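**Q**
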Ligand SMILES: O=C(O)CCC(=O)C(=O)O
Ligand SMILES: [Fe+2]
């Protein structure tokens, strides 16, 4: 007996003439115009989007209305959905270690992350194969606050002076899993550590990645460090490592490397987790903010 596959649902072809990539007047980012993520993209358009992501690090699409299936279908052009290792909890992980394909980032309707400020991070940095990129689709946005800022880590690296670049080029950094730290808070109500000192038992499993990462798609070097997660420079005495990390963090958080996005309903932002950090400002808990996130699988940093 022969088995036939069902035809996929018909999709409109993407308009070709209106498609435009418009760089933002910012240290990173481009706006994509004349593109509806629900429609089937032309090959040349998809290739142009991939090249634009490599060049601009984040892509902003306005006025998008995909349902979950269309959103996943669009994202699948850029890779498979990130699946965490069973022993590494991530945002949205269930008790068995699995995470949903689409995570509701929302302060209402059983969403995750509430209304608090989020420090700058790259999604799933603390796993062996961190995410290559993530997408957020805005469904409801607050009248004020809840802005998301992306930082260009290539520019941050390139702006370091030669002496510090020479010091850090071969170093490895452990970024401890903050979801594990939540399960194992430090005694005495001390907050989340920025650096692991010898008195703190290391969270396991941990993984060390290069502090200076080579981008897998374009070979650019970048500072692979976030703003506030517990870290440790491998082989450095704690006070020396902590001082180095503090200095690098103060450097990369400068506004000259950053773009802040004020969300509108219907926006999709697709960003490169391999070359950027993102943070979020707090917002009034009485207002509603609802976004859907898809994170894509990545590869081992080198
Ligand atoms: O809510 C935001 O703007 C960002 C949330 C976030 O960090 C994420 O979805 O990965
Ligand atoms: Fe994130």
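Numbering (the numbering used here), first residue to last: 49 to 350. Ideal placement from N, C-alpha and C gives every residue a C-beta, glycine not left out. Everything numeric in this text was worked out from a predicted model, so none of it was measured.
#1: Which whole runs of the beta strand (DSSP E) in the stretch 55-118 are 3 residues long or more, in chain order?
#2: Which residues bound the alpha helix (DSSP H) around residue 287?
#3: Does DSSP put residue 354 in a helix, a strand or coil?
#4: Tell me residue 243's beta-bridge partners as DSSP assigns them.
#5: Does the distance from the CB of residue 199 to the CB of residue 306 come in under 9 angstroms?
#6: Could you check the C-alpha separation between residue 282 and residue 255 for me, to the nearest Å?
#7: Using 9 angstroms as the threshold, is the C-beta distance between residue 148 and residue 140 below it?
#8: Would you say residue 297 lies against chain D (beta-carbon separation less than 9 angstroms)?
#9: Thinking residue 325 and residue 275 are a contact (beta carbons under 8 angstroms), I'd like their distance in whole angstroms, please.
#10: Should residue 346 go down as buried or exposed, given a rule of 16 or more other Cβ atoms within 10 Å for buried?
#11: Can you give the beta carbon distance from residue 129 to residue 343, rounded, assuming they're within the 8 angstroms contact cut?
#12: Please determine whether the Cβ atom of residue 167 lies at a distance below 8 angstroms from any heavy atom of ligand 2.
#13: Quick check on DSSP: helix, strand or coil for residue 272?
#14: CB residue 338 to CB residue 331, shorter than 9 angstroms?
#15: Going by DSSP, which residues form a beta bridge with residue 154?
#16: Quick check: is any heavy atom of ligand 2 less than 8 angstroms from the C-beta of residue 182?
#17: Residues bridged to residue 316 by DSSP?
#18: Looking only at its own chain, which residues have a Cβ that is under 7 angstroms from the Cβ of residue 264, when we skip the five neighbours before and after it?
#19: Going by the beta-carbon positions, is the gap between residue 318 and residue 69 smaller than 9 angstroms?
#20: Using alpha carbons as the reference points, say which of 333, 227 and 311 lies closest to residue 253.
#21: Residue 314 and residue 112: beta carbons closer than 9 angstroms?
#22: Helix, strand or coil: which one does DSSP assign to residue 49?
#23: So, with DSSP's three-state summary, where would you put residue 248?
#24: Looking at the structure shown, is residue 125 part of a helix, part of a strand, or coil, going by DSSP?
#25: Please state the DSSP three-state secondary structure of residue 323.
#26: Report yes or no: do three or more beta-carbon pairs, one from the stretch 220-239 and one from the stretch 174-186, lie closer than 8 angstroms?
#27: Less than 9 angstroms between the beta carbons of residue 170 and residue 179, yes or no?
#28: Does DSSP classify residue 238 as helix, strand or coil?
#29: Look at the alpha carbon of residue 290 and the alpha carbon of residue 88, and state the distance between them as a whole number of angstroms.
#30: Count the C-beta pairs between the stretch 226-244 and the stretch 203-213 that are closer than 8 angstroms, then say yes if the count reaches three, no if not.
**A** The relevant details are as follows:
#1: 68-71, 78-81 and 106-109
#2: 286-300
#3: This structure gives no information on residue 354, because the portion of the chain shown stretches from 49 to 350.
#4: 279
#5: yes
#6: 11 angstroms
#7: yes
#8: Going by chain labels, chain D is absent from the structure shown, which holds only one protein chain.
#9: 7 angstroms
#10: buried
#11: 7 angstroms
#12: no
#13: coil
#14: no
#15: 161 and 338
#16: yes
#17: 109 and 185
#18: 322 and 347
#19: no
#20: 227
#21: yes
#22: The predicted model places residue 49 with a pLDDT of 46, which falls under 50 and marks its position as unreliable; any figure quoted below should be read in that light. Three-state DSSP puts residue 49 in coil, outside helix and strand.
#23: coil
#24: helix
#25: coil
#26: yes
#27: yes
#28: coil
#29: 49 angstroms
#30: no
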